[in-house]
Amino acid sequence: MGFVVAIDGPAGSGKGTITKLVAEKRNLVSIDTGAMYRCVALDCLNNGIDVEDAKGIERILDKIQIELKKIDGEQKVFLNGKDVSKEIREPRVDEVVAKFAAVKQIRDKVTPMQREMGKTQNIIMEGRDIGTVVFPNADVKIFLDCSIEERANRRYKQNLEKGIQMTYEEVLENIKERNRLETERDIAPFVKPEDAITVDSTNMSIDEVVEEVLKIVDEKLHN
Ligand code: DC
């Protein structure tokens, strides 16, 4: 087993950015588990498979290949050999991914894939159930929190940069609905791991959060 840092937190808490920066600074492989659920949702969407269609989902899962690769310093996501790094962030995926991520059959396939990734390398893995389900014995567990208004604000600004047209209110509603689906689902609900250290990023800059997380990681790395 490698050294495992688990970072859980809601959408818009800055997990993705923080994870990548901490990975670079401490030479850890960063793994975005949300991207994996996005791949499954995209594969189903592209094949016209509904979230209720257990047989169809089984066919998708039987042959799905998800790879997270660093190419020219950039993290890329490949679904069945195709670079889908951009596609998995499209609003059509945003709209359905939480529903697919709540399907037991899908989590039963994706969770072992994630555990496998921590066997042979030192990783920092971000998601919703990393410290609770995927790696309950992770060396470091961090819960990256942030107020819902600030999360919506950040997502709204990101959307503007990407040319995605949504009002702040729409973004806020979307985040609230996803939160509800993620925390109320029966399987691997999104909860703070009991033994995680909380870092609240609401009023912190990216650099400040990175510094705080590095402090926590270093304490374990050097002990
Ligand atoms: O972090 P994100 O928005 O890319 O995550 C996409 C979806 O997958 C979101 O609905 C939460 C879900 N997810 C999950 O259920 N478990 C994880 N470990 C990571 C993400």
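Counted the way my numbering counts, the sequence shown spans residues 1 to 223.
Every residue, glycine too, gets a C-beta built ideally from N, C-alpha and C.
Strand pairing of residue i, partner residues [DSSP]
{"i": "residue 127", "result": "8"}
{"i": "residue 144", "result": "199"}
{"i": "residue 79", "result": "66, 82"}
{"i": "residue 74", "result": "71"}
Cβ-heavy atom distance, residue i to the ligand DC, below 7 Å
{"i": "residue 132", "result": "no"}
{"i": "residue 98", "result": "yes"}
{"i": "residue 34", "result": "yes"}
{"i": "residue 156", "result": "no"}
{"i": "residue 101", "result": "yes"}
{"i": "residue 50", "result": "no"}
{"i": "residue 145", "result": "no"}
{"i": "residue 182", "result": "yes"}
{"i": "residue 73", "result": "no"}
{"i": "residue 186", "result": "no"}
{"i": "residue 127", "result": "yes"}
{"i": "residue 38", "result": "yes"}
{"i": "residue 11", "result": "yes"}
{"i": "residue 178", "result": "yes"}
Distance between beta carbons of residue j and residue i, contact taken as under 8 Å
{"i": "residue 8", "j": "residue 128", "result": "6 Å"}
{"i": "residue 97", "j": "residue 37", "result": "6 Å"}
{"i": "residue 5", "j": "residue 110", "result": "Wrong, their Cβ atoms sit about 19 Å apart, outside the cutoff."}
{"i": "residue 199", "j": "residue 219", "result": "Going by Cβ atoms, the distance from residue 199 to residue 219 rounds to 14 Å, so no, they are not a contact pair."}
{"i": "residue 122", "j": "residue 2", "result": "4 Å"}
{"i": "residue 124", "j": "residue 19", "result": "5 Å"}
Residue i, enclosing beta strand (DSSP E) - first and last residue
{"i": "residue 28", "result": "Per DSSP, residue 28 belongs to no beta strand (DSSP E) and is neither H nor E."}
Residue closest to residue i, alpha-carbon to alpha-carbon, out of the options
{"i": "residue 107", "options": "188, 22, 136", "result": "188"}
{"i": "residue 204", "options": "145, 181, 221, 177", "result": "145"}
{"i": "residue 176", "options": "12, 54, 26", "result": "12"}
{"i": "residue 80", "options": "67, 47, 173, 163", "result": "67"}
{"i": "residue 28", "options": "190, 117, 88", "result": "117"}
{"i": "residue 10", "options": "39, 102, 192, 59", "result": "192"}
{"i": "residue 48", "options": "14, 75, 92, 16", "result": "92"}
{"i": "residue 162", "options": "150, 43, 86, 142", "result": "86"}
{"i": "residue 40", "options": "78, 136, 15", "result": "78"}
{"i": "residue 32", "options": "89, 52, 72", "result": "89"}
Extent of the continuous alpha helix (DSSP H) to which residue i belongs
{"i": "residue 101", "result": "91-101"}
{"i": "residue 176", "result": "168-184"}
{"i": "residue 113", "result": "104-117"}
{"i": "residue 220", "result": "206-221"}
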